[in-house]
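Quick note on numbering: the first sequence equals residues -19 to 478 in the numbering used here. Worksheet for the structure shown next.
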Amino acid sequence: MSEQPETELDLEQDLPEQIAVRLAKRERLNELNDAYPVSLPITHTIDGVRAAYPELEIDVATGDKVALAGRIVFQRNTGKLCFATLQAGSGQRIQAMLSLDKVGEEQLEAWKELVDLGDHVFVAGEVVTSKRGELSILADEWLMAAKTIRPLPNMHNELGEEYRVRHRYVDLIVRDRAREVVQIRSKVMQSLRRTFDAQQFIEVETPMLQTIHGGASARPFKTHSNAFDTELFLRIAPELFLKRAVVGGIDRVFEINRNFRNEGADRTHSPEFAMLEAYQAYGDYNSIADLTQQLIQNAAMDVFGTHQVELEGGEINDLGGEWPRISMYESLSEACGQVITPETPMAELKKLASSVEIEIDHPLPGKYVEELWEHFVKGNLVKPTFVIDFPVDTSPLTRDHRSKAGVVEKWDLYIRGYEQATGYSELVDPVIQRARFVEQVTLAASGDPEAMKLDEDFLKALEFGMPPSGGMGMGIDRLLMSLTGLGIRETIMFPLVK
RNA sequence: GGGCCUCUAGCUCAGUUGGUUAGAGCAACGGACUUUUAAUCCGUGGGUCGUCGGUUCGAUCCCGACGGGGCCUACCA
-19 MSEQPETELD LEQDLPEQIA VRLAKRERLN ELNDAYPVSL PITHTIDGVR AAYPELEIDV
41 ATGDKVALAG RIVFQRNTGK LCFATLQAGS GQRIQAMLSL DKVGEEQLEA WKELVDLGDH
101 VFVAGEVVTS KRGELSILAD EWLMAAKTIR PLPNMHNELG EEYRVRHRYV DLIVRDRARE
161 VVQIRSKVMQ SLRRTFDAQQ FIEVETPMLQ TIHGGASARP FKTHSNAFDT ELFLRIAPEL
221 FLKRAVVGGI DRVFEINRNF RNEGADRTHS PEFAMLEAYQ AYGDYNSIAD LTQQLIQNAA
281 MDVFGTHQVE LEGGEINDLG GEWPRISMYE SLSEACGQVI TPETPMAELK KLASSVEIEI
341 DHPLPGKYVE ELWEHFVKGN LVKPTFVIDF PVDTSPLTRD HRSKAGVVEK WDLYIRGYEQ
401 ATGYSELVDP VIQRARFVEQ VTLAASGDPE AMKLDEDFLK ALEFGMPPSG GMGMGIDRLL
461 MSLTGLGIRE TIMFPLVK
């Protein structure tokens, strides 16, 4: 649905009928009183009143007076008695009743004339139940709290996907699940921070604007600083700064913040996305895997009270128990029926790749191994699984394996076939790190736009000595997807739209 | 990047094998109604059929370009 240029509300011509009508009502309200009063004598909340009268009989008058406000989501007017359903931000609702004998003819007529679906209104009156047993406020008076100029969408059909994303504020008003997802996200964040706090991790914030982008392989967004007259990049990862923090003695450190990657957007990728990274001095990829499992299991338990999380559509995502750790090379060998090791020659990998129609052209064998692994193994991983010990040449920030040649101490965590997190025994030897960067720069020179750049200051930091460490990174949006079964654009309140 | 599909009222959707005046439900407007729950009943208005161009006596419909969206594919720690 293509958007017309936004309607100019002060151009009185060419307005959709309903907007023109509501603007006229706004004028009228301002003449009578105020369409947007600065404050109202509210004494109660909708949630509070609902909680205070959980089970009243039919047609009860309590004698209790309350004054509250809410957004009108349904309206039923009869001649001398009007009903409206008021909704709070929580989604809780309560009925307001306006009768001729309580509010008088003038106020009743004004209500019928000036109040529309979507308006915020204030009502003060007695808590009662109607003859059908609905908990209600029988109003003695009402006031407009905020006049709505645009009509709410029809609440009896699902909103279109595009409308929901482009008008999330409306989606949040009319769809309970939209509000729920926002709350789940907030609770997950709280839970993650609690788990970190319980283990003495410190939360920090590192630069989003960087002069050299590093810590991952991805194309960056570029911008320009006028003050420094220099090219800047939005960060693709916080890794190199968090490691500087570890060098400085922040031994247990984490950051939850946005990353930006200038690449494709689909059901599992967003150009800006929330990232969690954590580093633990004197830990390694095993201890950081333990931590990652705890973070996710605690979040499921804190938010849903179970490790068996029910997803959109009813599927159960079982996050319980100890998560298996399988070797990349061994699981690939098993799945493809041919022994693949770090020594397997390039020609053989290429042959296997083309036999399953993987068409890539890359100078390094590790890339082929990862592609083959994704083809043969990834799709079958439903339960949470750590895939461990990756090829060395695709993991420039990771330490060589302590006992296996040709692989590094790195894992990826897969949940329901999605890559959920990654963890390393961090490479802390500044000499080897420099050599790895130089290889990456060579790759970049040969045209790989995702290869990393040489960050001299980061290398200098390593030269001051970084303790042996484990580190991990996890996409928060993806975690929400795993916990809800929703697409990434439903887990982000305001995803980027063109 | 490649392929396929899609865009009709404020919202959700029908429809026109190219032909007078493009429909429904909710929403809106006028009226009736003091116990409604998507209230009901009577009546009314509301559309550049995404945009621009082409074919045609005639285009919302066919064709092309552009724009928005979706799906698949490719790319993607």
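For glycine and all other residues, C-beta sits at the position ideal for the given N, C-alpha and C. Keep in mind it's a predicted model, so treat the numbers as computed, not measured.
- A Cβ-Cβ contact shorter than 8 Å links methionine 135 with valine 154.
- Annotation for arginine 56: the continuous beta strand (DSSP E) segment containing it runs 41 to 57.
- As a beta-bridge residue in DSSP terms, arginine 232 pairs with Gln260.
- CA-to-CA, the gap between phenylalanine 366 and valine 319 works out to about 21 Å.
- Counting only residues of its own chain and dropping the five nearest sequence neighbours on each side, aspartate 264 has a CB closer than 6 Å to the CB of Ser405, Gly450.
- For serine 79, the CB contacts under 6 Å within the same chain, skipping 5 residues up- and downstream, are Leu61 in chain order.
- Per the coordinates, the alpha-carbon of arginine 241 lies some 6 Å from the alpha-carbon of isoleucine 216.
- Spanning the alpha carbons of glutamine 163 and glutamine 72 requires a straight line of approximately 14 Å.
- Per DSSP, reduced to three states, the secondary structure at alanine 126 is strand.
- By the Cβ test, the region 379 to 398 is not in contact with the region 210 to 229, since fewer than three Cβ pairs between them sit closer than 8 Å.
- Note: glutamine 75 is bridge-paired with Thr65, Ser116 in the DSSP secondary-structure output.
- Checking the DSSP bridge columns, you'll see threonine 365 partnered with Tyr394.
- Three or more beta-carbon pairs drawn from the region 87 to 103 and the region 45 to 60 are found closer than 8 Å, and the two stretches are therefore classed as touching.
- For methionine 326, the uninterrupted alpha helix (DSSP H) run begins and ends at 326 to 335, by DSSP.
- Taking glutamine 179 as reference, the option from Gly455, Ala261, Leu139 with the minimal CA-CA separation is Ala261.
- Around the beta-carbon of glutamine 190, 16 or more other beta-carbon atoms lie within 10 Å, marking it buried.
- Around the CB of proline 200, 16 or more other CB atoms lie within 10 Å, so the residue is classed as buried.
- Taking C-beta separations shorter than 6 Å and ignoring five residues to either side along the sequence, the partners of isoleucine 236 in its chain run Leu256, following chain order.
- Residues Ile38, Asp39 of the same chain have their beta carbon placed closer than 7 Å to that of lysine 111, with the five preceding and five following residues left out of the count.
- Non-local beta-carbon contacts of glutamate 35 in its own chain, meaning distances under 8 Å to residues more than five positions away in sequence, are absent.
- A residue is called buried once 16 or more other Cβ atoms fall within 10 Å of its Cβ, and histidine 193 is buried on that count.
- Collapsing the DSSP output to three states places arginine 2 in a helix.
- Counting only runs that start and end inside the region 158 to 233, the beta strand (DSSP E) elements of at least 3 residues fall at 202 to 205, 210 to 214.
- Assignment of glycine 346 by DSSP, reduced to helix, strand and coil, places it in the helix class.
- DSSP, read as helix, strand or coil, puts phenylalanine 370 in strand.
- Straight-line spacing of the CA atoms in methionine 281 and serine 307 works out to 29 Å.
- Secondary structure note for valine 154: its alpha helix (DSSP H) is the uninterrupted segment 148 to 154.
- Rounded to whole angstroms, the separation of the alpha carbons of glycine 346 and arginine 414 is 20 Å.
- Annotation for alanine 315: Phe356, Val357 place their beta carbon closer than 6 Å to its own, counting only its chain and skipping 5 residues before and after.
- The shortest CA-to-CA distance from threonine 203 to any of Ala196, Ser197, Met188 is the one to Met188.
- Around the Cβ of proline 475, a 10 Å sphere holds 16 or more other Cβ atoms; the residue is buried.
- Taking a cut-off of 8 Å for Cβ pairs, the region 458 to 470 and the region 247 to 256 touch, as three or more such pairs fall below it.
- Under the three-state reduction of DSSP, histidine 287 is assigned to coil, being neither helix nor strand.
- Secondary structure note for methionine 461: its alpha helix (DSSP H) is the uninterrupted segment 456 to 464.
- Taking threonine 471 as the centre and dropping the five residues before and after it, the same chain places the C-beta of Val161, Arg165, Asp457, Leu460, Met461, Thr464 closer than 8 Å to its C-beta, in chain order.
- The C-alpha of glycine 386 lies about 25 Å from the C-alpha of tryptophan 303.
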